[in-house]
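What follows is a single structure, written as C-alpha cells, with notes after it.
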Amino acid sequence: MSEQNIFREVDEELRSDRMRALWRRFAPYVIGAAVGVVAIVAVNEGWSWYHANNAAQSSDELYTAFDLIDGGDLPGAQSQLDALIADGSGSYPVLAQFRKAGVLAREGATADAVAAYDALANGQSNPRLRELALVLAGTLLVDSGTLADVESRVGSIAVEGSPLRNAAREALGLAQYKAGDFTAAQASFEAVINDPMTQSSTRNRMGYYLAQLLAQGAVAAAPEADAADAATTAIDEIVSDEAPAAEAPAEVAPAETTEAVPAAQ
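Offset between the sequence shown (1-based) and this note's numbering: plus 10.
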C-alpha cells in the first residue's frame, strides 16, 4: 500500500471521527427540535379539531333551539339557548343571546327582551351588533316605552352612514307619531323615502304612514287639496310607482276651414 493511500485512509477516519463527535454533540438538539415541530403540529391540529368539533356541536344546539321555537316549545328553547350561551363556542353564544331576546319578546316579556338587547349592546365590541341590539330594543319600545326610551337607543343610529339608519328612522318616526309629534314623524318617514338605498317595500310602507298622517289631518296637505285627497294621491302613487307611464293621446288634427266662395257675378 502506498504512503499516499495510507494518508488518505487516515484522513477519512479522522473525518468520520469528527462527524461522529459532532453528531453525538448536537444529536439531542436536532432530535429535540424535530420532536418539537411534530408536537407543535399535533397540538395545532388537535386544537383545530377541538374548536371545529365544539363549533359543530354549538351549531347543532342552536338549530335544535330553532326547531323548538318553530314547534312552539318556548320554555324548552329557552333552556337550550341558556345552555348554548353558557358553554357555546365561537360566535354561537352571541347568536343565542339575540335569539333568546327574540323568544322573550314573542312570549310577551317585553321588558325582559329589552333588557336582554340592552345587555347585548353594552357588552358588544362589534359596533354593528351593538347597533342591531339597540334597534331591536328601540323597536320593542315603540309600543311599550316612551319617545325618550326609543330616542336614547336609536337616535345615534338614525343618521347618514349607519347601515341600520332606516330601521332606526322608522322606529323613531313611529315613536314620534305615538307621542303626538307629527311633524317630526313626517320628517323621519320622509328621510327614509328620500334615501336612495331604501328598498321599495320599505319605501311603500313609509308612504302608507305618510298617507295616514295626511288622512287624519295631522300634517299640512298639499295646496288646493284637502287631507283626504292628499292621502288618496299618496296611496295611488305607492300602488302605481312601478307601472309604466300612460301614453300621451295623439294630437287632434285641426278642423279644416272652408273659405267662403265669393258669389258669381
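Positions of the beta carbon are idealized from the N, C-alpha and C atoms, including for glycine.
8 Å Cβ cutoff met for residue i and residue j
| i | j | result |
| --- | --- | --- |
| Tyr-131 | Leu-144 | According to the sequence shown, residue 131 is Ala rather than Tyr. In contact: Ala-131 and Leu-144 (Cβ atoms closer than 8 Å). |
| Leu-146 | Val-160 | no |
| Ala-106 | Gly-98 | yes |
| Gln-196 | Val-229 | yes |
| Leu-84 | Arg-116 | yes |
| Ala-87 | Leu-78 | yes |
| Leu-72 | Val-104 | no |
| Gly-155 | Ala-181 | no |
| Ala-111 | Ala-123 | yes |
Where the alpha helix (DSSP H) through residue i begins and ends
| i | result |
| --- | --- |
| Val-145 | 137 to 154 |
| Ile-203 | 192 to 203 |
| Gln-134 | Looking at the DSSP string, Gln-134 is not in any alpha helix (DSSP H), and its letter there is neither H nor E. |
| Gln-226 | Here Gln-226 belongs to no alpha helix (DSSP H), and DSSP marks it neither H nor E. |
| Ile-167 | Segment: none, Ile-167 is in no alpha helix (DSSP H) and carries neither H nor E. |
| Ala-185 | 175 to 189 |
| Gln-107 | 102 to 116 |
| Gln-209 | Gln-209 -> no alpha helix (DSSP H), and no H or E assigned at all. |
| Ala-119 | Here Ala-119 belongs to no alpha helix (DSSP H), and DSSP marks it neither H nor E. |
| Gly-86 | 84 to 97 |
Straight-line Cα distance separating residue j from residue i
| i | j | result |
| --- | --- | --- |
| Ala-201 | Arg-179 | 8 Å |
| Pro-173 | Ser-198 | 16 Å |
| Ala-65 | Tyr-102 | 8 Å |
| Trp-59 | Ser-89 | In this prediction, Trp-59 has a pLDDT of 48, which is less than 50 and means its spatial position is unreliable; what the coordinates show is noted afterwards. Taking the straight line from one Cα to the other gives about 27 Å. |
| Leu-223 | Ala-129 | 35 Å |
| Ala-126 | Ala-158 | 19 Å |
| Ala-221 | Asn-204 | 16 Å |
| Leu-6 | Ser-68 | Residue 6 lies beyond the stretch modelled for the chain, which goes from 11 to 275, so this question has no answer here. |
| Tyr-218 | Gln-134 | 35 Å |
| Thr-193 | Asp-153 | 19 Å |
| Pro-206 | Val-169 | 14 Å |
| Val-53 | Asn-136 | The predicted model places Val-53 with a pLDDT of 49, which falls under 50 and marks its position as unreliable; any figure quoted below should be read in that light. The alpha-carbon atoms of Val-53 and Asn-136 are separated by roughly 30 Å. |
| Ala-96 | Ala-119 | 22 Å |
| Asp-80 | Thr-74 | 10 Å |
| Phe-76 | Ser-162 | 31 Å |
Cut-off 7 Å between Cβ atoms - residues of its own chain near residue i, not counting five sequence neighbours on either side
| i | result |
| --- | --- |
| Leu-142 | Leu-174 |
| Ile-7 | This structure cannot settle anything about residue 7, because the visible part of the chain is limited to 11 through 275. |
| Thr-208 | Asn-176, Val-202 |
| Gln-186 | Leu-157, Ala-194, Ala-195, Ser-198 |
| Ala-189 | Leu-157 |
Same chain, Cβ closer than 6 Å to residue i, neighbours up to 5 away in sequence not counted
| i | result |
| --- | --- |
| Asp-191 | none |
| Gly-171 | none |
Contacts around residue i, its chain only, beta-carbon distance under 8 Å, and the 5 residues preceding and following it disregarded
| i | result |
| --- | --- |
| Thr-212 | Asn-176, Glu-180, Val-202 |
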